[in-house]
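**Student:** Sharing a structure below in structure tokens format, with a few things to ask.
2 protein chains.
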Amino acid sequence: MRWASIGGMARPPTSQSPKAQHPSTPGTGRIDKRAAILDAAFQVFARDGYANAAVDAIAAAAGVAKPTVYNHFTDKQTLFREALAADAERALGRNLAVVQRLSDGRGELRSRLEDLGARLIECYADDRSVAVRRLLCAEASTFPEIHSEIREQTGERVVAALADRFAHLVLDGTLRECDPAQAAEQFEALLAGPMEHRSRSGSRKVSAAARRAIAKAAADTFIRAYAR
Amino acid sequence: MRWASIGGMARPPTSQSPKAQHPSTPGTGRIDKRAAILDAAFQVFARDGYANAAVDAIAAAAGVAKPTVYNHFTDKQTLFREALAADAERALGRNLAVVQRLSDGRGELRSRLEDLGARLIECYADDRSVAVRRLLCAEASTFPEIHSEIREQTGERVVAALADRFAHLVLDGTLRECDPAQAAEQFEALLAGPMEHRSRSGSRKVSAAARRAIAKAAADTFIRAYAR
DNA sequence: GCTATCTTGAACTGATGAGTTCAATTCAAA
DNA sequence: TTTGAATTGAACTCATCAGTTCAAGATAGC
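If you read the sequences in order, they're chains A and B. Numbering follows our numbering, in which position 17 of the first sequence is assigned residue number 17; successive positions increment by one, without gaps. Numbering follows our numbering, in which position 83 of the second sequence is assigned residue number 83; successive positions increment by one, without gaps.
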């Protein structure tokens, strides 16, 4: 019996309440396989691009037979969407956690901003994040929906969270009167822009020292422009 | 006789000193055809991506037979490289022209920067420029060389030209003592970052008013941070 | 054990597309 | 007008790859 091709993802009738199906040997069991496929798919897509990625290669990388892939995901498109969404979700989580830290800092504004910048840059420079952005950009015309979905739930929300923090800093008098959303957008630009430039759009590594320097420069310019 | 596949591009033995071969009816003649193919190739690549672009489609769009395409360009890769390079070259030219204008401005710093910013944003938002960046990013892993070649001769040189202008402004006391290269990098980031954000990586249009606002905000922040 | 579900390998189908071949034709130049 | 190079359309080769099929195992729950 085949029960794929319903709603883009297969649902095993038995796994309606699926605990760990194979707690002893990892890699066996439906869920482990599904995760392995998603992970392998992301890596292969990141390496080869959507069009060049062969489903056989993904199956091989996941240590799984090709029909198993199609048992979990209706087709290549669905697999691509879910793999990308999963990784984007992870990236978003890290970003938001970093921004959140800004709230409970008690130190001087400069050191807090430098720290925030450095951490955001770490997220930004992360290999998987770079791959997500590249794939998103590459397939923007082929998958318009995925682009809006993911991009709005990442870049968008990070800047929004940042704006929220900045709004508080305006209220407590640390920053001058200004539009927090614009300040957030610019702070992010001061980090991402030079990184983009120096990393040649992610195709080259940027040294830790250079990354730190970018964060310091961004914080400096931001403070000159926005501190009270 | 076939004389393609030598050095990536075909050279007609007869056209060693080729004037206009068909001045009356445009579209005929080797050079016109070559240009038409390059242009069509860029458009199809931009629309479909490298892998999805069919050479037949390019030939059709250029109003030319498929063997003619292969008569001018050894293979799809070469065609891609040359088409992209040609368009990147054009984009670079416009950018540099805009930056050059900054030197002969006599007005107030703010209005000069706002003007510069607005013009750079126009370049940045141009459809073909967006397409170049998208393709470059998309195929960065497939064509590492093209990426470094083009990117270094565009983003790189624009920022360098900008840095040169800023160095003069430091010397004549308009800007405070600072690293002009860093100032240039940040000014560009203050323009490109928000544009990237608002246009959702080029997938959505940004209104002229919004573009103007971004330029004003960038100039404002830059002046607060760098003006003497 | 028995049964239903899931996995597997391998082979297969059908589509797509790069690059070639060729005979017929157009065209510019001499 | 003649000549040689360039163009054209159409058909062809060959490779790749998405997605399927199937018969033969695993595997878990009962």
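Glycine included, each C-beta is placed from N, C-alpha and C at the ideal position. Everything numeric in this text was worked out from a predicted model, so none of it was measured.
1) How many Å lie between R94(B) and R119(B) at the Cα?
2) Which runs of the alpha helix (DSSP H) fall wholly inside the region 121-201 of chain B and span at least 4 residues, in chain order?
3) Just to confirm before moving on: does the CB-CB distance between H232(A) and I37(A) stay below 8 Å?
4) Which bits of chain A does S201(B) rub up against, with CB to CB less than 9 Å?
5) For E114(B), does the count of other Cβ atoms within 10 angstroms reach 16, so buried, or fall short, so exposed?
6) Is the beta carbon of R110(B) sitting closer than 8 Å to the one on I214(B)?
7) Select from the region 42-64 of chain A all residues with a C-beta closer than 9 Å to any C-beta belonging to chain B, and list them in chain order.
8) Buried or exposed, going by whether 16 or more other CB atoms sit within 10 Å of the CB of K33(B)?
9) Determine, using beta carbons only, whether T221(B) comes closer than 8 Å to chain A.
10) Anything in chain A within Cβ reach of L190(B), meaning under 8 Å, just list it in chain order.
11) Determine, for V159(B), whether the minimum Cβ-Cβ distance to residues of chain A falls below 8 Å.
12) Is the Cβ of R224(A) closer than 8 Å to any Cβ of chain B?
13) P144(B) CB to nearest chain A CB: under 8 Å?
14) Out of C137(B), E188(B), L171(B) and I146(B), which one is the CA nearest neighbour of A160(B)?
15) Kindly indicate which residue of A219(A), Q77(A), A217(A) and S203(A) has the alpha-carbon position closest to the one of F143(A).
16) I'd like to check one pair, A208(A) with L191(A): are the Cβ atoms closer than 8 Å?
17) Would Q77(B) pass as an interface residue toward chain A - the criterion being a Cβ-Cβ separation below 8 Å?
18) List the whole-angstrom C-beta distance separating A138(B) from C137(A), where the pair is believed to meet the contact cut-off of C-beta under 8 Å.
19) Hey, which unbroken runs of the alpha helix (DSSP H) at 4 residues or more fall wholly within the region 36-80 of chain B?
20) Identify the contact partners of A270(B) in chain A, using a Cβ-Cβ distance below 9 Å as the criterion.
21) Contact check, D56(B) vs K66(B) under 8 Å by CB: the rounded distance?
22) Between which two residues does the alpha helix (DSSP H) holding A210(A) run?
23) Would you grab the beta carbon distance between V133(B) and G202(B) for me? Rounded to a whole angstrom, and I think it's under 8 Å.
24) With a threshold of 8 Å between beta carbons, is H72(B) in contact with chain A?
25) Taking Cβ to Cβ, would you say A41(A) is nearer than 8 Å to A83(A)?
26) Can you give the beta carbon distance from G49(B) to H197(A), rounded, assuming they're within the 8 Å contact cut?
27) Between L92(A) and R165(A), which are expected to be in contact by the criterion C-beta below 8 Å, what is the C-beta distance as a whole number of angstroms?
28) Quick check: the Cα distance between L96(B) and G107(A), rounded to an integer number of angstroms?
29) Starting from H168(A), find everything on chain B with Cβ-Cβ shorter than 9 Å and list it in chain order.
30) If A225(A) and A225(B) are in contact, beta carbons under 8 Å, what's the gap, nearest whole angstrom?
31) Using the beta-carbon count (16 or more within 10 Å), is H147(B) buried or exposed?
32) Would L162(B) and A184(B) qualify as a contact pair, given that the criterion is a beta-carbon distance under 8 Å?
**Tutor:** A quick look at the data gives this:
1) In the second sequence, counting from the first residue as 1, residue 94(B) sits at position 94. In the second sequence, counting from the first residue as 1, residue 119(B) sits at position 119. C-alpha separation (whole angstroms): 10 Å.
2) 127-138, 144-152, 155-171 and 180-198
3) Chain A is shown only over 1 to 228; residue 232(A) falls outside these bounds and no answer can be derived.
4) Locating residue 201(B) in the second sequence gives position 201, where the first residue counts as 1. Near S201(B) (Cβ distances below 9 Å), the residues of chain A are R133, L136, C137, A140, H147, R151 and G155.
5) One-based indexing of the second sequence puts residue 114(B) at position 114. Burial call: buried.
6) Taking the second sequence and counting its residues from 1, the one referred to as residue 110(B) is at position 110. Taking the second sequence and counting its residues from 1, the one referred to as residue 214(B) is at position 214. No, these two residues do not count as a Cβ contact at 8 Å.
7) A46, R47, D48, G49, Y50, A51 and N52
8) Here residue 33(B) refers to the residue found at position 33 when the second sequence is read from its first residue. With 16 or more other Cβ atoms within 10 Å, it is buried.
9) By one-based count along the second sequence, residue 221(B) stands at place 221. Chain A, which has a Cβ nearer than 8 Å to the Cβ of T221(B), makes this yes.
10) The residue labelled residue 190(B) in the question sits at position 190 within the second sequence. Per Cβ cutoff of 8 Å: Q186, A189, L190 and G193.
11) For the purposes of this step, residue 159(B) is taken as residue 159 along the second sequence, with counting starting at 1. Chain A, which has a Cβ nearer than 8 Å to the Cβ of V159(B), makes this yes.
12) Residue 224(A) sits at position 224 when you count from the first residue of the first sequence. Cβ-Cβ to chain B under 8 Å: yes for R224(A).
13) The residue given as residue 144(B) occupies position 144 in the second sequence. Judged by the 8 Å Cβ criterion, P144(B) is in contact with chain A.
14) Locating residue 160(B) in the second sequence gives position 160, where the first residue counts as 1. Of the candidates C137(B), E188(B), L171(B) and I146(B), the one whose C-alpha sits nearest the C-alpha of A160(B) is E188(B).
15) Indexing the first sequence from 1 puts residue 143(A) at position 143. Among A219(A), Q77(A), A217(A) and S203(A), the Cα nearest to that of F143(A) is on Q77(A).
16) Here residue 191(A) refers to the residue found at position 191 of the first sequence. Here residue 208(A) refers to the residue found at position 208 of the first sequence. Cβ atoms of L191(A) and A208(A): not closer than 8 Å.
17) As a first step, residue 77(B) must be located in the second sequence, where it is residue number 77. Not closer than 8 Å to any Cβ of chain A, the Cβ of Q77(B) fails to qualify, so no.
18) To locate residue 138(B), count along the second sequence from 1; it is residue 138. To locate residue 137(A), count along the first sequence from 1; it is residue 137. Correct: roughly 6 Å between the Cβ atoms.
19) 55-62 and 66-72
20) Since the first residue of chain B shown is 1 and the last is 228, residue 270(B) is not available in this structure.
21) Translated into the one-based positions of the second sequence, residue 56(B) becomes position 56. Translated into the one-based positions of the second sequence, residue 66(B) becomes position 66. Yes, they are in contact, since the Cβ atoms of D56(B) and K66(B) sit about 6 Å apart, within 8 Å.
22) Here residue 210(A) corresponds to residue number 210 of the first sequence, with the count starting at 1. Residues A208 to Y226.
23) By 1-based counting over the second sequence, the position of residue 133(B) is 133. By 1-based counting over the second sequence, the position of residue 202(B) is 202. The sequence shown places Arg at residue 133(B), not Val. Correct: roughly 7 Å between the Cβ atoms.
24) On the second sequence, position 72 is the one that residue 72(B) refers to. For H72(B), the answer is no, since every Cβ of chain A falls outside 8 Å of its Cβ.
25) What you label residue 41(A) is simply residue 41 of the first sequence in a count that begins at 1. What you label residue 83(A) is simply residue 83 of the first sequence in a count that begins at 1. Yes, the Cβ-Cβ distance between A41(A) and A83(A) is below 8 Å.
26) Here residue 49(B) refers to the residue found at position 49 when the second sequence is read from its first residue. Here residue 197(A) refers to the residue found at position 197 when the first sequence is read from its first residue. Contact flag wrong, Cβ pair sits at about 24 Å.
27) The residue you call residue 92(A) lines up with position 92 of the first sequence. The residue you call residue 165(A) lines up with position 165 of the first sequence. Not a contact, Cβ separation roughly 16 Å.
28) As a position in the second sequence, residue 96(B) is number 96, starting the count at 1. As a position in the first sequence, residue 107(A) is number 107, starting the count at 1. Taking the straight line joining both Cα atoms gives about 43 Å.
29) In the first sequence, counting from the first residue as 1, residue 168(A) sits at position 168. Those within 9 Å of H168(A) in chain B number zero; the least Cβ separation is about 20 Å.
30) As a first step, residue 225(A) is located in the first sequence; it is residue number 225 there, counting from the start. As a first step, residue 225(B) is located in the second sequence; it is residue number 225 there, counting from the start. Right, the Cβ-Cβ distance comes to about 5 Å (below 8 Å), so this counts as a contact.
31) For the purposes of this step, residue 147(B) is taken as the residue at position 147 of the second sequence. Looking at its Cβ environment, which holds 16 or more other Cβ atoms inside 10 Å, H147(B) is buried.
32) The sequence position of residue 162(B) within the second sequence is 162, counting from 1. The sequence position of residue 184(B) within the second sequence is 184, counting from 1. Cβ atoms of L162(B) and A184(B): closer than 8 Å.
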